[in-house]
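Counting from 1, position 266 in the sequence shown corresponds to residue 266 in the UniProt record's numbering; the numbering is continuous, with no gaps. Note that CB positions come from ideal geometry on N, CA and C, so glycine has one too. Only a predicted model underlies this, so the values are computations on that prediction, with no experimental measurement involved.
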Amino acid sequence: MFKKFVQQLIGVYLIITLTLNTSHWLSNIAHFNSFGSMIATICFLIFLGTLVQMKTVRDRYEKKMELKQKKFEQRQMEQYMDKIQDLYAELKGFRHDFGNIITSLNLAIEERDLEDIKRIKRDVLEECYGELQKEEYTGFDLGNIRDSALRSILSRGWIYAEKLGVKLTFETGEVIEKLPMRLLDLVRTVGILVNNAIEAANSSVEKEVHIAVFNMPNGVHLIVQNSIADQPIDWNKLFDKGFSTKGDRRGMGLGIVKDIVEGYSSVFLETELINGKFTQTLVVGEKGN
C-alpha cells in the first residue's frame with residue numbers, strides 16, 4: 001500500500017515538473033507571466049498537499065502494521081502460555097509420582113532392603129531426574145525479556161523448532177529492556193536470523209540451535225548459533241540477495257537483514273563460524289539509529 005502510494009507520488013512529481021517547464025516555456029515565448037506564476041503557485045500547493053498526504057498514509061500504514069504485530073504477538077504468547085500450561089501439568093504429574101516414589105523408598109529403608117533401595121534409585125529416581133533436566137523445563141525462560149516484540153519472536157522460534165524436532169535452548173541471566181529499533185525492523189531482523197538458524201539446523205545431524213541475549217557496555221548482544229550441514233559456506237555470497245544454502249529462491253533473508261542493519265548507525269551484525277557452529281551476533285547499541 002505504502003509502496004504503491006510512493007509510486008503514485010513519483011508520477012505526480014513528474015507531472016508537476018513537466019507542467020512547470022511548460023509554463024516557464026510559455027512565459028518566455030508568449031510573455032504569460034501571470035499564467036506562469038499561477039501555475040507555479042498551483043504546483044507548489046499540490047506539492048505541499050502530496051507531502052501531507054504522504055505523511056498521513058505512512059502514519060496509517062505504520063499503525064496498521066503495529067496493530068498487526070500486536071495481534072501476532074498475542075497469538076504467539078497464547079501458544080507459549082498453552083505450552084507452559086502443558087509443561088506445568090506434566091510437572092504436577094511428576095510431583096504425584098514422586099510422592100509414590102518417596103513412599104516406596106521409605107518402606108525399603110525401614111525394611112533395610114538394600115537391593116530394593118538400589119533398584120528405586122537406578123530405575124526410578126535417575127529416570128525422573130533425567131526427565132526433569134529436559135530442555136522443555138530448563139532451557140527456555142523468557143521472563144527477563146521486557147521487549148514484547150523480541151519475546152514474541154523467540155517464543156515463535158521455540159514453537160517452530162519443537163515442531164521440526166530441533167533442539168533450541170535459550171540463555172539470558174539479566175533483564176533485557178526494550179530495544180531501540182523500529183518495531184518492523186526488529187521483527188524482520190530477529191525473525192529472519194532465528195528462522196534461518198532453525199531451518200539450517202534441521203538440515204544438520206545435530207539439529208541444535210542456541211540463542212543468548214545479554215547486556216554489554218556497547219549495547220544488547222543477541223547471539224544465534226546453529227549446527228550446520230557438512231557443506232562449505234560461500235562467505236562472499238552469503239548476504240547477496242537470491243543466494244541461499246537452503247535451495248533456490250530462498251535467499252532473500254540475510255540480504256534484507258543487511259539492508260536493515262545498514263540503516264542504523266548503532267546496530268551491527270557479526271557472522272562467523274565457531275567450533276563448527278554458524279554464529280550470528282546482532283549488536284543493538286543504546287541509540288539504535
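- For Leu-168, the closest C-alpha among the options Val-175, Gly-157 and Arg-151 is that of Gly-157.
- Short of 6 Å from the beta carbon of Ala-212, and not among the five residues preceding or following it, lie these beta carbons of its own chain, in chain order: Glu-171 and Ile-223.
- A buried status is given to Ala-149, since no fewer than 16 other beta-carbon atoms sit within 10 Å of its beta-carbon.
- Here Gln-280 is buried, its C-beta having at least 16 other C-beta atoms within 10 Å.
- By the Cβ rule, the region 170 to 187 does not count as touching the region 269 to 280, because fewer than three pairs are nearer than 8 Å.
- Taken through DSSP and simplified to helix, strand or coil, Lys-277 comes out as strand.
- DSSP places Asn-144 outside both helix and strand once states are collapsed to three, so it counts as coil.
- By the Cβ-count criterion, Leu-186 is buried, with 16 or more other Cβ atoms from all chains shown falling within 10 Å of its own Cβ.
- Fully enclosed beta strand (DSSP E) runs of no fewer than 3 residues occupy 167 to 171 of the region 166 to 206, in order along the chain.
- In the three-state reduction of the DSSP assignment, Ala-212 falls in the strand class, which pools E and B.
- In the DSSP assignment, Ile-223 falls within the beta strand (DSSP E) that extends over 219 to 227.
- For Ile-256, the uninterrupted alpha helix (DSSP H) run begins and ends at 253 to 262, by DSSP.
- Counting every other CB atom within 10 Å of its CB across the protein chains shown gives Arg-146 a total below 16, marking it as exposed.
- Apart from sequence neighbours up to five positions away, the residues of its chain that approach Ala-161 with a beta-carbon distance below 7 Å are Leu-168, Ile-198 and Val-209, ordered along the chain.
- By the CB criterion at 7 Å, Gln-225 and Lys-277 fall inside the cutoff.
- Burial check for Asn-218: the Cβ neighbour count within 10 Å stays below 16, so the residue is exposed.
- Contact annotation, Val-283 with Pro-180: C-beta distance approximately 12 Å; criterion of less than 8 Å not satisfied.
- A Cβ-Cβ contact shorter than 7 Å links Ser-204 with Ser-227.
- Distance from Leu-154 to Ile-192 at the Cβ level is roughly 13 Å; contact not present, criterion being Cβ atoms closer than 8 Å.
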